[in-house]
Amino acid sequence: MAASKPPEGDSLVKRLAGPSTGKAGLAQDQSEINRIIAEASKGSKFYENEKRKDEELTARINRLLEKRDSVIKGADLARLEKAADQILIDMEQKRDLSQIIVHVDADAFYASVEVMDNPELKGKAFGVGGGVLTTASYEARKFGVRSAMPMHIAKKLYPELIVVRCRFSRYSEVSKALMTVLQRYDPTMHPAGFDEAYLNITKYCRDHEMEAEECVQVIRDEVHKETGLTISAGIAPNKMLAKICSDRNKPNGQFKLPFDRRAIVSFMKDLSVRKVPGIGRVNERVLEAIGVKTCGDIYTQRAVITLLDHELGLHGLLHAHLGISSNVVEPPIREARKSVGVERTFSAVGDSTKLMEILENIAESLEEDCEQTGWAGKTLTLKYKLHTYEVFTRARSLDRYIRSKDDLFSIGSELLRKELPLRLRLLGLRLTQLKDLRDKGEKGIKRFFKDAGDEPPRKRNRLNDEEDDFAASMMEDDIEEIPMDEEDARLNGGTPNASPNRQSKKVSPNSKGRPADQDEETSDSRQRLVCPICSTSLLTDNDGFNAHVDYCLSRGAIAELATLGSQDDVGPITSPKKPPALSKSRAGSNPFLLSKKAK
Ligand code: TTP
Ligand code: MG
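Here the sequence shown stands for residues 0 to 598, where the numbers follow numbering that gives the first Met the number 0.
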C-alpha cells in the first residue's frame with residue numbers, strides 16, 4: 000500500500016477510521032489502513048461532518064486545557080493527591096472479590112452464522128451487510144475490514160471481499176439458542192447484546208464443585224455444540240473486568256483475571272483507557288490531552304482529574320484505575336423499555352417511491368420486533384436524516400396501541416408524504432408510550448426472567464447502555480459518533496434503540512413553517528403523551544405534542560452550541576431520556592460501578 004501523507008491531522012484520520020478500530024483480529028498497526036479510509040472518505044458529506052466535529056472537539060479540549068491551567072495555579076496539588084488517595088482507600092475497602100462474573104461474546108457473530116449456513120464461506124475474507132458492513136470475518140479483518148465500515152471503503156481495503164447480505168431473523172434465532180444455553184449456568188444472567196451476556200457462575204461452580212475456568216470451558220463447548228457458534232469469555236470479579244477480559248483471547252478463547260487486588264491493579268496499570276467500557280474515541284482524546292493514556296496514568300494525574308472532576312468524573316476514573324465495578328448480574332428489567340424502533344441507513348435516495356419501499360420494509364421489521372418483544376405503542380415517530388446529515392422527527396399520537404406493519408406503514412407513510420420530496424440517507428420508525436401485551440399480571444422477578452430470553456438484546460456497537468452511562472459521567476457524553484455504518488448495522492439488527500438526539504433544526508425542510516402534522520390529527524382532544532426526546536409527560540394534543548418535540552430538539556441544538564459541546568458525539572446508539580445537553584448524569588449511574596447491592 001502506498002503511504003501518502005494526508006493533510007488531515009491525526010485526530011481526524013483516527014475519527015474517520017470509525018469506532019471499531021479496537022476490534023479483535025485487526026492488524027496491530029492501523030495507521031496505513033486509517034490513511035486509506037481517510038483518503039476514500041474525502042470530499043463526502045460524511046467527511047465534512049467528521050471534520051467539523053473533530054474541530055469542535057479540538058476547541059473543546061483547548062478550553063479544558065485552559066481551564067486546567069487556570070485552576071491549577073495556586074492549587075495545592077499534594078493535598079489534592081492526598082484527597083484522591085483517601086477516596087481510593089475507601090473504594091478499595093468496598094472491593095468484592097467473592098463473585099465469579101463471566102462476560103461472553105460470540106466471535107464474528109453474524110459472520111459465523113453465515114458460515115454455519117454456507118460452509119463455502121469458511122476461511123474466506125467476507126463481510127456481512129449492505130451499504131455498510133455489520134461485521135467482517137476474521138480473515139477480512141486482517142485487511143482492516145470491520146464492523147460499521149462503508150462497503151466502498153471495505154472494497155478499497157480488500158477488493159476481493161465477498162459480501163453477504165444480513166439475515167436478521169436468523170441471527171435472532173441463533174441469539175435465542177445462545178441465551179438458552181447460558182441461562183442453564185445462571186438463570187438470572189443478563190443478555191447485554193445479541194451475542195453477548197454477563198453471567199454470575201459463583202453458585203453454579205459451588206454446586207458443581209467446579210473451577211471457574213473449567214466451568215467456562217464447559218459453557219463454551221456446550222454453546223458450540225448446540226448453536227455452532229464459538230464464543231469468547233472473560234472471567235473476573237466484576238462486570239467491567241469480565242468484559243475487558245472477554246476480548247483478550249478472541250476468537251474462541253477465554254481469559255481469567257486473578258481474583259487478587261494487586262494483580263488486578265497491575266492488569267489495569269498498562270491498559271489503555273480506551274479499553275474501559277464507556278470510554279470511546281472522544282473521551283480517549285480528552286484524557287490523552289491531560290496526559291492520561293492508560294489506567295495507570297489516572298493515578299499519576301489524579302490531582303488534575305480532581306480539579307476537573309466536573310468535566311471528567313473523578314470517581315468513575317478512579318474506579319477504572321482500581322479495576323472496580325459492579326458485580327451484580329440480573330436480568331434486564333422489562334419495564335425499562337421506553338421505545339421500540341427500527342432505522343435504516345442507506346446511500347442517499349431522492350426517489351420517493353424508493354423511500355416508501357424502504358419505509359415499508361422498516362415497518363415490517365418493527366412489526367417483527369414488536370411481536371418478538373411483546374410491545375405495542377401509542378405514539379409513532381418518523382425519523383429521517385437528510386443527505387446533509389441533518390436529522391428531523393415527526394410524531395403522531397394515536398388513541399389506540401398499534402404494532403402491525405399495516406398500521407405502522409400507513410401512519411408512517413402519511414407522516415413522510417407530507418415532507419416529500421426529500422433526499423435522505425436514513426429513515427426510521429419508533430413507537431413510544433408502550434404497552435406490554437405480554438403483561439398477564441405476573442409480578443416480580445419471575446416475570447422479568449420469563450421475558451428476558453425472548454427479547455432481542457439491544458446491540459450496542461461496542462458501546463452498550465452501561466458504557467453510555469459511564470460516558471455520561473465524563474466531560475461530555477462520549478457515545479461514539481456513528482458514521483453511516485453503525486446505525487445501519489445496529490438498527491438493521493432489528494434491535495430497538497431510541498432515536499438519536501442529533502436533530503438540529505426546528506422546522507423540517509418542507510414544512511414551510513407550519514407544524515408538519517397540522518392537518519393530520521386523528522383526534523382533537525388532549526391526552527397525556529410522553530415526549531420521545533426528553534420523556535416529559537405532557538397533557539396536549541398532537542399539534543402541541545409535535546411543537547414540543549420540535550422545541551425539545553432545538554433546545555438540544557441550542558444547548559449544544561452553548562456548551563461548545565460536541566454533542567455530535569451523542570450518536571444514535573444511546574437512548575437518552577433527555578436532550579443530550581440536559582441529561583448529564585454523574586458517575587453514579589454507571590451500572591459497571593458498585594451499586595448498593597454489591598457489597
Ligand atoms: P460484536 O460482538 O461487536 O462483533 P462480532 O461478534 O461480529 O465480532 P467479535 O465479537 O468477534 O469482535 O457484534 C455482534 C454482532 O452485532 C455483529 O456480528 C454484527 C452486529 N453489529 C452491528 O450490527 N453493528 C456494529 O457496529 C457492530 C460492532 C456489530
Ligand atoms: Mg461478538
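Backbone N, C-alpha and C fix where the C-beta goes; we use that ideal spot for every residue, glycine too. Being a predicted model, the structure only gives us computed values, none of them experimental.
Within its own chain, the residues whose Cβ lies closer than 6 Å to the Cβ of T380, once the five positions on either side in sequence are excluded, are T392, A394, R429 and P531, listed in chain order.
DSSP lists A232 as the beta-bridge partner residues of Q253. Of all C-beta pairs linking the stretch 119-133 to the stretch 146-164, three or more are shorter than 8 Å, placing the two stretches in contact. Here the distance from the Cβ of E195 to the nearest heavy atom of the ligand MG is below 8 Å. No heavy atom of the ligand MG is found nearer than 8 Å to the CB of A135.
Judged by pairs of C-beta atoms under 8 Å, the stretch 27-40 does not touch the stretch 302-318, as fewer than three such pairs exist.
The C-beta distance from R169 to V112 rounds to 6 Å, short enough to fall under 8 Å.
Cβ neighbours of L358 within its own chain (closer than 7 Å, five residues either side excluded): F408, G411, S412, L415 and L426. For Q432, there is no enclosing alpha helix (DSSP H); the residue is part of the beta strand (DSSP E) that begins and ends at L423 to D435. Closest in C-alpha terms to K13, from the list E55, Y197 and I32, comes I32. Sequence-distant Cβ neighbours of L76 in its own chain, meaning closer than 7 Å and more than five residues away, are A302. As for any alpha helix (DSSP H) of minimum length 4 sitting wholly inside the stretch 354-416, the runs are 404-416, ordered along the chain.
Here the stretch 230-245 makes contact with the stretch 94-107; the two share three or more CB pairs at distances below 8 Å. In the DSSP assignment, V180 falls outside any beta strand (DSSP E) and lies within the alpha helix (DSSP H) extending over F167 to Y184.
One thing to note: A153 has its Cβ no nearer than 9 Å to the Cβ of L177. Distance between K50 and R140, taken at the CA atoms: about 26 Å. For F45, the enclosing alpha helix (DSSP H) starts and ends at K44 to I71.
Non-local beta-carbon contacts of T187 in its own chain, meaning distances under 7 Å to residues more than five positions away in sequence, involve V328, E329, P330 and F448 in chain order. Burial of V131 is indicated by the presence of at least 16 other C-beta atoms within 10 angstroms of its C-beta. In this structure, DSSP gives F108 a helical state, which the three-state scheme calls helix. Cβ-Cβ distances below 6 Å link A110 to V127, T134 and S136 in the same chain, with the five nearest sequence neighbours on each side left out; the list follows chain order. Collapsing the DSSP output to three states places F142 in coil.
In its chain, beyond the 5 residues on either side, I304 and T305 have a beta carbon closer than 6 Å to the beta carbon of L313.
Using a cutoff of 8 Å, the CB of S231 counts as near the ligand TTP, since one of the ligand's heavy atoms is closer than that. DSSP places R260 in the uninterrupted alpha helix (DSSP H) bounded by R260 to K268. Contact annotation: V348 and L423 have beta-carbon atoms nearer than 9 Å. The Cβ neighbour count for H309, taken over all protein chains shown within 10 Å, is under 16; the residue is labelled exposed. Out of C294, L256 and I332, the CA that lies nearest to the CA of R273 is found in C294. In this structure, D398 has its beta carbon at no less than 8 Å from each heavy atom of the ligand TTP.
If you check the C-beta of A147 against the ligand MG, you find no heavy atom less than 8 Å away. When DSSP assignments are scanned along the stretch 298-352, the uninterrupted stretches of beta strand (DSSP E) that are 3 or more residues long and fall wholly within it turn out to be 338-348. Rounded to the nearest angstrom, the gap between the Cα atoms of D259 and S271 is 20 Å.
Within the same chain, and ignoring the five residues on either side of L436 in sequence, the residues whose Cβ sits closer than 6 Å to its Cβ are G373 and A375. Distance check between K382 and each of E366, E370 and L421 places L421 closest, using alpha-carbon atoms only. Apart from the 5 residues on each side of it in sequence, S245 sits with its Cβ closer than 7 Å to the Cβ of H102, V103, D104, S231, A232 and G233 in its chain, given in chain order. Each residue's CA atom was taken as its position, placing R183 and K202 some 12 Å apart.
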